[in-house]
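Peer 1: Provided herewith is a single structure, encoded as structure tokens, for subsequent inquiry.
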Amino acid sequence: MRKKGSSKRKYIVVTGGVLSGLGKGVAAASIGNLITKAGLRVIPIKCDGYLNVDPGTMNPIVHGEVFVLDDGGEVDMDFGHYERFLGVICKFYWNLTMGKVYEAVIQKERRGDYLGRNVQLIPDVTDYIKEWFFRVADNEKADVLVIEVGGTIGDIENELYVEACRQLRNDVGKDNIIYIHLSYVPIPTNVNEQKSKPTQQSVALLRERGIQPDIIIGRCSEYLDDKIKKKISIFCNIEEKAVITGLDVDNVYKIPVVFSEEGINQIIKEKLGISSGVKPEWKKLVDNLANPEKEVTIAICGKYTKLEDSYASILEALKHCSANLRARINVKMVETTNVKNQEDAKKLLKGIDGIIVPGGFGIRGTEGKIQVIQYCRENNIPFLGLCYGLQLAVVEFARNVCGLQDANTTEVNPKTKHPVIDILPEQKKITDKGGTMRLGAYPTVMKEKTLIWELYDKQKEVSERHRHRYEVNPDYHKVLLEKGMVFSGMSPDRKLVEFIELPKHKYFVGTQAHPELKSRLEKPGPLFYGLVRACLG
Ligand code: GLN
Numbered sequence: 000m001r002k003k004g005s006s007k008r009k010y011i012v013v014t015g016g017v018l019s020g021l022g023k024g025v026a027a028a029s030i031g032n033l034i035t036k037a038g039l040r041v042i043p044i045k046c047d048g049y050l051n052v053d054p055g056t057m058n059p060i061v062h063g064e065v066f067v068l069d070d071g072g073e074v075d076m077d078f079g080h081y082e083r084f085l086g087v088i089c090k091f092y093w094n095l096t097m098g099k100v101y102e103a104v105i106q107k108e109r110r111g112d113y114l115g116r117n118v119q120l121i122p123d124v125t126d127y128i129k130e131w132f133f134r135v136a137d138n139e140k141a142d143v144l145v146i147e148v149g150g151t152i153g154d155i156e157n158e159l160y161v162e163a164c165r166q167l168r169n170d171v172g173k174d175n176i177i178y179i180h181l182s183y184v185p186i187p188t189n190v191n192e193q194k195s196k197p198t199q200q201s202v203a204l205l206r207e208r209g210i211q212p213d214i215i216i217g218r219c220s221e222y223l224d225d226k227i228k229k230k231i232s233i234f235c236n237i238e239e240k241a242v243i244t245g246l247d248v249d250n251v252y253k254i255p256v257v258f259s260e261e262g263i264n265q266i267i268k269e270k271l272g273i274s275s276g277v278k279p280e281w282k283k284l285v286d287n288l289a290n291p292e293k294e295v296t297i298a299i300c301g302k303y304t305k306l307e308d309s310y311a312s313i314l315e316a317l318k319h320c321s322a323n324l325r326a327r328i329n330v331k332m333v334e335t336t337n338v339k340n341q342e343d344a345k346k347l348l349k350g351i352d353g354i355i356v357p358g359g360f361g362i363r364g365t366e367g368k369i370q371v372i373q374y375c376r377e378n379n380i381p382f383l384g385l386c387y388g389l390q391l392a393v394v395e396f397a398r399n400v401c402g403l404q405d406a407n408t409t410e411v412n413p414k415t416k417h418p419v420i421d422i423l424p425e426q427k428k429i430t431d432k433g434g435t436m437r438l439g440a441y442p443t444v445m446k447e448k449t450l451i452w453e454l455y456d457k458q459k460e461v462s463e464r465h466r467h468r469y470e471v472n473p474d475y476h477k478v479l480l481e482k483g484m485v486f487s488g489m490s491p492d493r494k495l496v497e498f499i500e501l502p503k504h505k506y507f508v509g510t511q512a513h514p515e516l517k518s519r520l521e522k523p524g525p526l527f528y529g530l531v532r533a534c535l536g
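Per numbering that gives the first Met the number 0, the sequence shown starts with residue 0, numbered consecutively.
Put into structure tokens, the structure is as follows:
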């Protein structure tokens, strides 16, 4: 395999042990965040073991939110953390899945690239994985590549990534790479003591595979005490000061602060020669989050409410508002499947200051959402509709304001007399489900003097990310406008409605896009900011 990459470039490999869901993505993003303080270009790579080409076809209840990138790539929520913590716009090819890797290796084999010999997992697939790393690093001019290996150490499906990362040390030189292992330190209720055995065993699995960690992060509900740090140090062959607490926190933005306090910057300096740390602006916003001065309650009305991760970016966007408006935001997840009428909606929304109807697919819960939207519209309750939320707001308005009885989206009722939401023309012939929606960043031309235009700093054109198959049917634009709906933003060819609002209402706003995906701690998504501000009065 060709050796590639700049000799100054540094590599940070992050693996996880014991359990899934310990926050490896947040840990990797936090380390990257600390390094950006040095003004270095940090590029994340995420390696997933599954055979899906991307997570776009998975149910959010199984896998959490599908995150969409500017380039239209569908990736997992970890990319949301990367974008929010590193201030980069990620690209689809920064995400490796075994689906993509095998697809490419098999194509190479068919082309004849391996002519005359058998193609093997090692070295052919591992070489391909490493070449991919170097390609990303070179193309993106990365100073530091943070490689997150998905899954838990010992999982069969991630072994090839682990092996590629082991080999990487020889390719890039031992002074240019560190291995960080995120583990779990439980405190069993009956013993009430921090326990190191799961970490010992998980590091043993890592060392069996030829990787000695340089830093161990122990996820724990309290700070790791000196005794346990010492024990982990002895059993895992690591310096005591390189054992760092991965504390349970109420907001993930604290993690870089916790890692810093635990001394991670010093280890990064010693091992890689990079000066890292928490940026002062970041610290200030984290402090704001801990010291709110006001309080509001916002309900998210969706059907994937069983798993909060289904709405991960919306929850983050609200935290960004919380930090910037110094308001505690209580979020209530609300199922609408049993909301049948205005009485039900009223009961459900008791004590709630504002509503978000998020993106979604399929029939279940839609009539309930429409009831909730009607209640917000008629009772001047702040409302934000995202994608499906906009579409259902248009359905509600068509039925109850325009008098188009039975109006619907054809996603719910293909035979409706009034298909006010209909499938996009370019979607009609598509039958494949993977990666075929209207995906990624699209520009919107704004209508001046509207509330949304003001929220977007009066820009003429804005860009947000999309993920949908249906749209507001152009045949109904006229009647909606005549009855008082405002289209605050349209696609440049004026065919697609991108933003709607109702004037005279406290805050009744919808977008065909997913602005939650681009919201940042330092700059909250404008429509979320507007919603929370309206709720605060
Ligand atoms: N199901 C709707 C569509 O495909 C909305 C999608 C979404 O909310 N992301 O257009």
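Here a beta-carbon is modelled for each residue, glycine too, at the ideal position from N, C-alpha and C.
Starting from Pro255 and walking both ways along the alpha helix (DSSP H), at which residues does that stretch end?
Peer 2: Ile254 to Glu260
Peer 1: When the distance is taken between beta carbons, is Gly16 closer than 9 angstroms to Gly153?
Peer 2: yes
Peer 1: Between Arg218 and Val124, what straight-line distance do the alpha-carbon atoms span, to the nearest angstrom?
Peer 2: 32 angstroms
Peer 1: Helix, strand or coil for Ser462? Go by DSSP, reduced to three states.
Peer 2: strand
Peer 1: Can you tell me the Cα-Cα spacing of Ile263 and Lys36, whole angstroms?
Peer 2: 14 angstroms
Peer 1: If you measure from each residue's Cβ to the nearest non-hydrogen atom of the ligand HEM, which ones come out under 5 angstroms, in chain order?
Peer 2: Of the ligands one can find in the structure shown, namely the ligand GLN, none is the ligand HEM.
Peer 1: Looking at the structure shown, is Leu445 part of a helix, part of a strand, or coil, going by DSSP?
Peer 2: As written in the sequence, residue 445 is Met, which differs from the Leu given in the question. Met445 falls in the strand class under three-state DSSP.
Peer 1: For Pro212, which of Ile186, Cys164 and Ala392 has the nearest alpha-carbon?
Peer 2: The candidate whose alpha carbon is nearest that of Pro212 is Cys164.
Peer 1: Ends of the alpha helix (DSSP H) at Cys320?
Peer 2: Ala311 to Leu324
Peer 1: Return the residue from the list Arg109, Leu39 and Gly24 that minimises the CA-CA distance to Asn79.
Peer 2: Per the sequence shown, residue 79 should be read as Gly rather than Asn. For Gly79, the closest alpha carbon among the candidates Arg109, Leu39 and Gly24 is that of Gly24.
Peer 1: On the DSSP letters alone, give me the boundaries of the beta strand (DSSP E) that Thr510 sits inside.
Peer 2: Phe507 to Thr510
Peer 1: Would the beta-carbon of Ile179 fall within 9 angstroms of that of Ile216?
Peer 2: yes
Peer 1: Whose C-beta lies closer than 6 angstroms to the C-beta of Glu463 among residues of the same chain, with five residues either side of it excluded?
Peer 2: Ala512 and Pro514
Peer 1: Beta-carbon within less than 8 angstroms of Ile273's beta-carbon, same chain only, minus the 5 sequence neighbours each way: which residues are those?
Peer 2: Lys9, Ile34, Ala37, Leu39, Val143 and Ile267
Peer 1: State the start and end residues of the unbroken beta strand (DSSP E) segment that holds Gly245.
Peer 2: Val242 to Leu246
Peer 1: Between which two residues does the beta strand (DSSP E) containing Asn94 stretch?
Peer 2: Asn94 to Thr96
Peer 1: Under 8 angstroms by Cβ, that's how I've got Thr538 and Gly350 pegged, so tell me the actual separation to the nearest angstrom.
Peer 2: Since the displayed the chain opens at 0 and closes at 536, residue 538 lies outside it and no answer follows.
Peer 1: Check Pro197 in the structure and name its three-state DSSP category.
Peer 2: DSSP places Pro197 in the helix class (H, G or I) of the three-state scheme.
Peer 1: So, at 6 angstroms on beta carbons, what are the nonlocal neighbours of Ala28 in its own chain, with the 5 sequence-adjacent residues on each side left out?
Peer 2: His80, Tyr81 and Phe84
Peer 1: Between the Cα of Asp343 and those of Ala326, Gln370, Phe360 and Thr365, spot the shortest distance and give me the residue it belongs to.
Peer 2: Gln370
Peer 1: Can you tell which of Glu239, Ile243 and Arg208 has its C-alpha closest to the C-alpha of Tyr222?
Peer 2: With distances taken between CA atoms, Tyr222 lies nearest to Ile243 out of Glu239, Ile243 and Arg208.
Peer 1: With DSSP collapsed to three states, give me the class of His476.
Peer 2: helix
Peer 1: Within the continuous alpha helix (DSSP H) that includes Glu342, where are the two ends?
Peer 2: Gln341 to Leu347
Peer 1: Taking the alpha-carbon of Leu167 as reference, which of Gln265, Phe234 and Tyr127 has the nearest alpha-carbon?
Peer 2: Taking each of Gln265, Phe234 and Tyr127 in turn and checking the Cα distance to Leu167, the smallest one comes out for Tyr127.
Peer 1: Would you report the Cα separation of Thr296 and Asp224, rounded to the nearest angstrom?
Peer 2: Each residue's Cα considered, the two are about 37 angstroms apart.
Peer 1: With Lys9 as the anchor, note down where its alpha helix (DSSP H) starts and where it stops.
Peer 2: Counting along the chain, Lys9 falls outside any alpha helix (DSSP H), though it belongs to the beta strand (DSSP E) covering Lys9 to Gly15.
Peer 1: So, using beta-carbon positions, are Phe66 and Leu520 closer together than 9 angstroms?
Peer 2: no
Peer 1: On a CA-only basis, which of Lys459, Tyr441, Pro442 and Ala440 is nearest Thr449? Give me that one, please.
Peer 2: Lys459
Peer 1: Would you list the one or two residues that DSSP bridges to Leu520?
Peer 2: For Leu520, which the question treats as bridged, DSSP gives no partner whatsoever.
Peer 1: Express the C-alpha separation of Lys99 and Ser208 in angstroms, rounding to a whole number.
Peer 2: For clarity, residue 208 is Arg in the given sequence; the question names Ser instead. Near 24 angstroms, if we compare the C-alpha coordinates of Lys99 and Arg208.
Peer 1: Which partner residues of Asn189 appear in the DSSP bridge assignment?
Peer 2: DSSP, once it has assigned bridges, lists no residue as partnering Asn189.
Peer 1: For my contact list, Leu284 and Arg532 are in at a C-beta cut-off of 8 angstroms; report their separation, rounded to the angstrom.
Peer 2: In fact, because the Cβ distance is near 17 angstroms, the residues do not count as touching under 8 angstroms.
Peer 1: Measuring straight from C-alpha to C-alpha, what distance separates Asn191 and Ile313?
Peer 2: 36 angstroms
Peer 1: Just the C-alpha distance for Ile299 and Ile146, rounded to the nearest angstrom, thanks.
Peer 2: 33 angstroms
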